[in-house]
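> Those sequence lines, one after another, are chains G and H. With the working numbering as the guide, the letters of the first sequence map in order to residues 113 to 348. With the working numbering as the guide, the letters of the second sequence map in order to residues 113 to 348. All C-beta atoms in this analysis are idealised placements derived from N, C-alpha and C, irrespective of residue type, glycine included.
Protein chains: 2
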Amino acid sequence: MKKTGPEAKLLVVDDEPNIRELLSTSLRFAGFEVVSAANGRDALAAAELHAPDLAVLDVMLPDMDGFTVTRKLRASGKHFPVLFLTAKDDTEDKVTGLTVGGDDYVTKPFSLDEVVARIRAVLRRTQPLLDDDAVIRVDDLELDDDAHEVRRGGVVIELSPTEFKLLRYLMLNPNRVLSKSQILDHVWEYNFNGDASIVESYISYLRRKVDIDPDAPALIQTKRGVGYVLRTAEKR
Amino acid sequence: MKKTGPEAKLLVVDDEPNIRELLSTSLRFAGFEVVSAANGRDALAAAELHAPDLAVLDVMLPDMDGFTVTRKLRASGKHFPVLFLTAKDDTEDKVTGLTVGGDDYVTKPFSLDEVVARIRAVLRRTQPLLDDDAVIRVDDLELDDDAHEVRRGGVVIELSPTEFKLLRYLMLNPNRVLSKSQILDHVWEYNFNGDASIVESYISYLRRKVDIDPDAPALIQTKRGVGYVLRTAEKR
DNA sequence: GTGAACGTTCAGAAAACTCACAGACTCCGG
DNA sequence: CCGGAGTCTGTGAGTTTTCTGAACGTTCAC
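Shown next, in the form of structure tokens:
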């Protein structure tokens, strides 16, 4: 899955240092090259200098709002797609029109995996050259990101949004034990402040839908005191 | 769907920056090469310079109206088709006569998919070389853009204009989940400011007409918390 | 002008979802 | 075999989402 060299170059723009760091770090870890800016002015300069493939752009910036930044970018001939970060209650109002180009948006607070998934989706849509299939496969389990659908042995499995995100995270890390806090950090919104026991609940839900057959070896396995793994058959 | 190289070169002319941007962005994303101008003078210059295949032209411009622009274009030997943007209350007689050549018009406020569809229709009519079929097919569901007709298993289904546009948008994105705001942005007029619940209503209407057979697997499916998809059977 | 078709909005019911809590169960060391 | 930590799962409250029907407005044909 990982290619040689970075997947794409991203420009992250947010005035809150915490969020900017959070995003930069996890996007970098996800294989992207990342440059960041704290306001609209710097964002425009960075876009000029680095020619990113996509920008992650907070709509609320100290000097000018995200739409203005986008307009200025477009005016100077930059046509890379933008993923907007909006507050949840901005929806309906200002968000309209954000999805007309290749652009998209996620609402704050977001979950990290969600952002990565949306970035990949936008890039896939705008530069279809990279035949990233959008389908993740582990044994006879398939997860189709575009259709937002999961199949086991060809049979569709209905999952709730959270169940879907959790399974997606597990499938992206097959045969790797993931701790409950790791899972929490990736799948739940970044400001979630319940405790990790909810992961147990959702693992339980998932098992009921994914690991039904009592004869087949379970895909989702518990590592006591450590976390959970998605085990493939091949890998023993 | 995406070809190598742009589909055609368009000239967008509108004095309102928002509309100009909105059009440019979504047309560019639809695969066209776009240049734009804010008034008649610039439009004539741009036409001379870029030799577009079609112009999208607001009839109300600050310096001269769209018909004058067209006349001057024709006078200087430019015979590419024009898609006029007119206000809804423009008198019939002004608009009449627009559809006699290859030209066509849409009324403001328009929906983005409508404009794209009209542009494609005009280009198809004027340069029939491109064998764009104008018929979109998903399983046994056919949508004929030219005839403005929908058939399921050969049987014609009567749809209202909005139902037709909605189904069209779904059929252009089979097996891809579309959020309610995405749908709103593409199918409804750009200045629509109701909320997304109207999408739910129209999906409901569509289902009643398109997914009648309770035995057949439903084409239109809800992805709770995410949006709606048009599912094909083949896609497994 | 009148009726029919179409479009929009609203409101309520039903269904689904998220999450906390708590008791039951399992594993493991001693 | 016991106890405790860790894990699993049922229950239920609160919220969100979806669906539907009905009311109201607009447009169009006659």
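1) Could you list the residues in the segment 183–217 of chain G with a C-beta less than 9 Å from some C-beta on chain H, going in chain order?
2) Would DSSP call Leu173/H helix, strand or coil?
3) Look at the Cβ atom of Pro286/H, then the Cβ atom of Val228/H, and state whether they are nearer than 7 Å.
4) Can you name, in chain order, every residue of its own chain whose Cβ lies under 7 Å from the Cβ of Asp177/H, other than the five neighbours on each side?
5) Which residues mark the beginning and the end of the alpha helix (DSSP H) in which Lys292/G is found?
6) Within 10 angstroms of its Cβ, does Asp175/H collect 16 or more other Cβ (buried), or is it exposed?
7) Would Ser79/H pass as an interface residue toward chain G - the criterion being a Cβ-Cβ separation below 7 Å?
8) The beta strand (DSSP E) spanning Tyr314/H covers which residue range?
9) Starting from Val267/G, follow its DSSP beta bridges and name the residues at the other end.
10) Here's the rule I'm using: 16 or more other beta-carbon atoms within 10 Å means buried, otherwise exposed. How should Leu161/H be labelled?
11) For a quick check, are the C-beta atoms of Leu123/H and Ala167/H less than 7 Å apart?
12) Measure the CB-CB distance between Lys363/H and Ala199/H and report whether it falls below 7 Å.
13) With 8 Å as the limit, tell me which residues of the segment 274–298 of chain H have their beta carbon closer than that to any beta carbon of chain G; keep them in chain order.
14) At which residues does the alpha helix (DSSP H) containing Thr208/G begin and terminate?
15) Please determine, among Thr344/G, Thr208/G and Gly339/G, the residue with the shortest C-alpha to C-alpha distance to Ala330/G.
16) Check each residue of the segment 258–270 of chain G: if its Cβ is closer than 7 Å to any Cβ of chain H, include it; give the result in chain order.
17) To which residues of the same chain is Asp257/G closer than 6 Å at the C-beta, ignoring the five residues directly before and after it?
18) Less than 7 Å between CB atoms is the rule here; does Lys335/H satisfy it with respect to chain G?
19) By the DSSP assignment, the alpha helix (DSSP H) with Gly152/H in it spans what residues?
20) Check the Cβ of Ser272/G against every Cβ in chain H and list those closer than 8 Å, keeping chain order.
21) When the Cα atoms are used, what is the spatial distance from Leu235/G to Pro193/G?
22) What do you get for Ile295/G, buried or exposed, if any count of 16 or more other CB atoms within 10 angstroms of its CB means buried?
The relevant details are as follows:
1) Arg183, Arg186, Ala187, His191, Pro193, Thr203, Glu204, Asp205, Val207, Thr208, Gly209, Leu210, Thr211, Val212, Gly213, Gly214, Asp215, Asp216 and Tyr217
2) Leu173/H: coil per DSSP, three-state reduction.
3) Going by C-beta atoms, Pro286/H is not nearer than 7 Å to Val228/H.
4) Val171
5) Counting along the chain, the alpha helix (DSSP H) containing Lys292/G begins and ends at Lys292 to Val299.
6) Exposed, because fewer than 16 other Cβ atoms sit within 10 Å of the Cβ of Asp175/H.
7) One cannot answer for residue 79/H here, as it falls past the ends of chain H, which runs 113 to 348.
8) No beta strand (DSSP E) holds Tyr314/H; the alpha helix (DSSP H) holding it covers Ser309 to Val322.
9) Arg264/G
10) exposed
11) A Cβ-Cβ contact shorter than 7 Å links Leu123/H with Ala167/H.
12) The question about residue 363/H has no answer, for chain H in this structure spans 113 to 348.
13) Asn287, Arg288, Val289, Ser291, Ser293, Gln294, Leu296, Asp297 and His298
14) From DSSP, Thr208/G is part of no alpha helix (DSSP H); its letter is neither H nor E.
15) Thr344/G
16) Asp258, Ala259, His260 and Gly266
17) Ala246
18) yes
19) Gly152 to His162
20) Arg336 and Gly337
21) 8 Å
22) buried
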